[in-house]
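In what follows, a single structure is set out as structure tokens and then discussed.
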Amino acid sequence: MESLALHCSFTTTTTTPFSLNPGISLHSRSKPISRSSPPSIFPPSSFPSLRSPLNSLLFSPLPKRRNPLLFLTRATSQNDKDPPPQTTPPPPPQGAKLLPFLISISIGLIVRFLIPIPVEVTLQAWQLFAIFLSTITGLVLSPLPVGAWAFLGLTTSIVTGTLPFTTAFGAFTNEVIWLIVISFFFARGFVKTGLGDRIATYFVKWLGKSTLGLSYGLTLSEALIAPAMPSTTARAGGVFVPIIKSLSLSAGSRPGDPSSRKLGSYLVQSQFQASTNSSALFLAASAQNLLCLKLAEELGIIILNPWVSWFKAASLPALVSLLLTPLILYKFYPPEIKDTPDAPAMAAKKLEQMGPVTKNEWIMVGAMLLAVTLWVCGDILGIPSVVAAMICLSMLLLLGVLDWDDCLSEKSAWDTLAWFAVLVGMASQLTNLGIVSWMSGCVAKSLQSLSLSWPVAFVVLQASYFLIHYLFASQTGHVGALYSAFLAMHLAAGVPGVLAVLALGYNTNLFGSITHDSSGQAAVYYGAGYMELPDVFKMGFVMAIVNAIVWGGVGTLWWKFLGIY
């Protein structure tokens, strides 16, 4: 989820990395990944938030028990000649960063007190709009962690009398937000059982004889896992980056080194760019997809049979892009090593070491098949998507695949519940109070003054929505801040409603790989150390053009054929 840029943490106590070298194992489940292990990629820290350092990860590590005997042995073995222990560096400054704080607050104060209130807008609506803009500015500049800053915005809306308490907290009961939270627990189950790793390893075995084939194997395995592991960030950090790094290390391709271009840089870049299309292919593949449809409903656009409709419309352009991405990057960002003949054999050895599919893996498969079935057939059966997710999570808890400590330690899920509910709640109230309709009306008048037809307006608005993401470090935050406004602009410009809803939703996934911090998975792939920052921006731009051509060309023709417009 990615696409979420959150404060989270990550452990992989069930796996250690894959290797083409017999001396380096591919995810043996008895050993946790640690910094002392050469193939390991994850420091025991936390995963980056909107503008936080790139030294963080997805799942919270379990506490390590200190061996008291070992501790006493070490203590008694020291003598007076031992060097003194190094002093601990002072903790970083606490509290808000002053300059981002002042800028964020100033934006809201200027809008509230210096800009005249439009005649069509009430004082309450304008005041909430000012608070919302300050909140969004803080998400970009990050004076505080995203959850803390969102809480300040929520508090301000209540203290100033802009929103009553019950209204301000109303989004905490939003079904889509709870569905997103539960999806984090599903992702943990995939990592904890090793099921995602097993699936990806099979694709390495089947397609890994060449570097290009290896890339296709990893890309297709993510597309297969995506609907049942609904977090792009979890797929990156829990499955694909460990495998890619281990393959690269065994081939002599090391992160932060000129040898990175042998193999690792290409595999990481290819998987990073392909992940956006995997996320766009399925409604359940990423958190922001569900939110897009929920926000569309608030503006009166309801997608019938959403799970099937989303997949049907995305299938052709997404599959074309998935097939083109490894090949295009093979030409524009080529690896030095073209053949990997040992990869299939090592993958087969790894699968042999893993043994037969475990009971917990079968339970995970069954739970995910049930979840996907209920999601697709939920309208017929009368079971809401969030209830289906709750049923499957209950199954995993009852059968011991997950325990409650796993859920409690999933800090990213609870952080998402906190800040995301605030953002969605404010956006919903802006719609209810008429701010969104006022903004869309202003844009519509501007477009009409330019005599733009709706197809031209559609292209202009889609491009603007995409390019604005260079200011954001969260796909979900971008949706919460701007999706409703841009959808209203599309509708005011005469764009067919279903087309506008789906195109903005797909676009939200595609801009997740344009920079090193454009999404949660971007931070994971960049943090692996195989990509230089200029290459991230350059290849991100190249693939953005490719995706624009594919989705704008193949996609629009396909949608016309399906009767979407």
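Going by this note's numbering, 250 is the number at position 166 of the sequence shown; the sequence numbering is gapless. Ideal placement from N, C-alpha and C gives every residue a C-beta, glycine not left out.
Residue ranges of each alpha helix (DSSP H) within the segment 567-622, 4 or longer: 568-576, 581-594, 604-611
Pair within 9 Å by beta-carbon distance, cysteine 476 and alanine 451: As a first step, residue 476 is located in the sequence shown; it is residue number 392 there, counting from the start. As a first step, residue 451 is located in the sequence shown; it is residue number 367 there, counting from the start. Against a cut-off of 9 Å, the Cβ pair of alanine 451 and cysteine 476 comes out as a contact.
One or two residues paired with aspartate 423 in a DSSP bridge: Start at 1 with the first residue of the sequence shown, and residue 423 comes out as number 339. In DSSP, aspartate 423 forms a bridge with Ser294.
Alpha-carbon spacing of leucine 566 relative to alanine 576, whole angstroms: As a first step, residue 566 must be located in the sequence shown, where it is residue number 482. As a first step, residue 576 must be located in the sequence shown, where it is residue number 492. Each residue's alpha carbon lies about 15 Å from the other.
Whole-angstrom C-beta distance between leucine 365 and alanine 398, which should lie under 8 Å: One-based indexing of the sequence shown puts residue 398 at position 314. One-based indexing of the sequence shown puts residue 365 at position 281. With 8 Å as the limit, alanine 398 and leucine 365 qualify as a contact, their Cβ atoms being about 5 Å apart.
Cβ pair glycine 192, serine 218 closer than 9 Å: In the sequence shown, counting from the first residue as 1, residue 192 sits at position 108. In the sequence shown, counting from the first residue as 1, residue 218 sits at position 134. Yes, these two residues count as a Cβ contact at 9 Å.
Closest Cα partner of leucine 302 within the set Thr277, Ser330, Leu351: Position 218 of the sequence shown, counting from 1, holds the residue named residue 302. Closest option to leucine 302, judged by alpha-carbon separation, among Thr277, Ser330, Leu351: Leu351.
Nearest-angstrom Cα separation, counted from leucine 207 out to glycine 297: Against the sequence shown, residue 297 aligns to sequence position 213. Against the sequence shown, residue 207 aligns to sequence position 123. Roughly 60 Å separates the two Cα atoms.
Neighbourhood of proline 311 by C-beta distance below 7 Å, restricted to the same chain and skipping five residues each side: The residue you call residue 311 lines up with position 227 of the sequence shown. If we look at proline 311 and ignore the five residues flanking it on each side, its Cβ neighbours are Phe366, Ala368, Ala369, Val456.
Under 9 Å between C-beta atoms of serine 354 and leucine 279: As a working note, residue 354 is residue 270 in the sequence shown. As a working note, residue 279 is residue 195 in the sequence shown. Result no, Cβ atoms of serine 354 and leucine 279 do not sit closer than 9 Å.
Candidates Gln357, Ile385, Trp394: closest to histidine 600 by CA position: Your numbering for residue 600 matches position 516 in the sequence shown. Minimum Cα distance to histidine 600 is reached at Gln357.
Alanine 547 classed as buried or exposed, judged by whether at least 16 other C-beta atoms fall within 10 angstroms: Numbered from its first residue, the sequence shown carries residue 547 at position 463. Exposed: under 16 other Cβ atoms inside 10 Å.
Leucine 183 versus proline 227: straight-line alpha-carbon distance, rounded: Here residue 183 is taken as the residue at index 99 of the sequence shown, counted from 1. Here residue 227 is taken as the residue at index 143 of the sequence shown, counted from 1. Roughly 8 Å between the two C-alpha positions.
Backbone secondary structure at methionine 313 - three-state DSSP: Your numbering for residue 313 matches position 229 in the sequence shown. In this structure, methionine 313 counts as coil in the three-state DSSP scheme.
Start-to-end residues for the alpha helix (DSSP H) that takes in phenylalanine 268: Position 184 of the sequence shown holds residue 268. Start and end: 259-277.
Buried or exposed (CB count within 10 angstroms, at least 16 for buried), glutamine 211: Taking the first residue of the sequence shown as 1, we reach residue 211 at position 127. Glutamine 211 should be labelled buried.
Proximity winner among Asp499, Ala511, Met448, relative to glutamate 481 (alpha-carbon distances): Here residue 481 corresponds to residue number 397 of the sequence shown, with the count starting at 1. It is leucine, not glutamate, that sits at residue 481 in the sequence shown. Ranking Asp499, Ala511, Met448 by Cα distance to leucine 481 puts Met448 first.
Aspartate 423 beta carbon less than 9 Å from that of threonine 239: For this step, residue 239 is matched to residue 155 along the sequence shown. For this step, residue 423 is matched to residue 339 along the sequence shown. For the pair threonine 239 and aspartate 423, the CB atoms are not nearer than the 9 Å cut-off.
Alpha helix (DSSP H) segment containing lysine 329, residue limits: Locating residue 329 in the sequence shown gives position 245, where the first residue counts as 1. Its alpha helix (DSSP H) spans residues 325-334.
Where the alpha helix (DSSP H) containing tyrosine 414 begins and where it ends: Counted from its first residue, the sequence shown places residue 414 at position 330. That run of the alpha helix (DSSP H) goes 390-416.
Nonlocal neighbours in the same chain, by C-beta distance under 7 Å from alanine 320, ignoring five residues either side: For this step, residue 320 is matched to residue 236 along the sequence shown. For alanine 320, where only same-chain residues beyond five positions count, the Cβ hits under 7 Å are Ser359, Gln605, Val608, Tyr609.
Residue environment, glutamine 437, which counts as buried when at least 16 other CB atoms sit within 10 Å: If you number the sequence shown from 1, residue 437 lands on position 353. It is exposed - the Cβ of glutamine 437 has fewer than 16 other Cβ atoms within 10 Å.
Delimiting residues of the alpha helix (DSSP H) encompassing histidine 562: Here residue 562 refers to the residue found at position 478 when the sequence shown is read from its first residue. Run containing histidine 562: 559-562, per the alpha helix (DSSP H) assignment.
Validate contact between the segment 580-590 and the segment 383-402 using beta carbons, cut 8 Å, 3 pairs: yes
Threonine 303, DSSP secondary structure in three states: By 1-based counting over the sequence shown, the position of residue 303 is 219. Note: threonine 303 maps to helix in three-state DSSP.
Phenylalanine 395 to serine 524 span [Cα, whole Å]: What you label residue 395 is simply residue 311 of the sequence shown in a count that begins at 1. What you label residue 524 is simply residue 440 of the sequence shown in a count that begins at 1. Those two C-alpha atoms are separated by around 29 Å.
Distance between beta carbons of serine 330 and phenylalanine 268, contact taken as under 8 Å: Here residue 268 refers to the residue found at position 184 of the sequence shown. Here residue 330 refers to the residue found at position 246 of the sequence shown. About 25 Å; that fails the 8 Å criterion.
Element boundaries [alpha helix (DSSP H), containing serine 359]: The residue labelled residue 359 in the question sits at position 275 within the sequence shown. Note, serine 359: alpha helix (DSSP H), 348-365.
Presumed contact (8 Å Cβ cut-off) between serine 299 and asparagine 361, rounded CB distance: For the purposes of this step, residue 299 is taken as the residue at position 215 of the sequence shown. For the purposes of this step, residue 361 is taken as the residue at position 277 of the sequence shown. Going by Cβ atoms, the distance from serine 299 to asparagine 361 rounds to 14 Å, so no, they are not a contact pair.
Pair within 9 Å by beta-carbon distance, alanine 473 and valine 520: Within the sequence shown, residue 473 is the residue found at index 389, counting from 1. Within the sequence shown, residue 520 is the residue found at index 436, counting from 1. In this structure, valine 520 does not lie closer than 9 Å to alanine 473 by Cβ.
Selected residue, minimal CA-CA separation from serine 493, among Val265, Gly292, Ile598, Val563: The residue labelled residue 493 in the question sits at position 409 within the sequence shown. Nearest option by C-alpha distance: Val265.
C-beta contact flag for threonine 277 and isoleucine 327 at 9 Å: Taking the sequence shown and counting its residues from 1, one reaches residue 277 at position 193. Taking the sequence shown and counting its residues from 1, one reaches residue 327 at position 243. Their beta carbons are not under 9 Å apart, which means threonine 277 does not touch isoleucine 327 by this criterion.
Exposure label - threonine 250; buried when at least 16 CB within 10 Å: As a working note, residue 250 is residue 166 in the sequence shown. By the 10 Å Cβ count, threonine 250 comes out exposed.
Between the CA atoms of alanine 557 and alanine 234 - distance to the nearest angstrom: Stepping through the sequence shown from its first residue, residue 234 is reached at position 150. Stepping through the sequence shown from its first residue, residue 557 is reached at position 473. Distance between the alpha carbons of alanine 234 and alanine 557 is about 15 Å.
Methionine 479 versus glutamine 513 - alpha carbon distance: Along the sequence shown, one-based indexing puts residue 479 at 395. Along the sequence shown, one-based indexing puts residue 513 at 429. So the two alpha carbons sit approximately 36 Å from each other.
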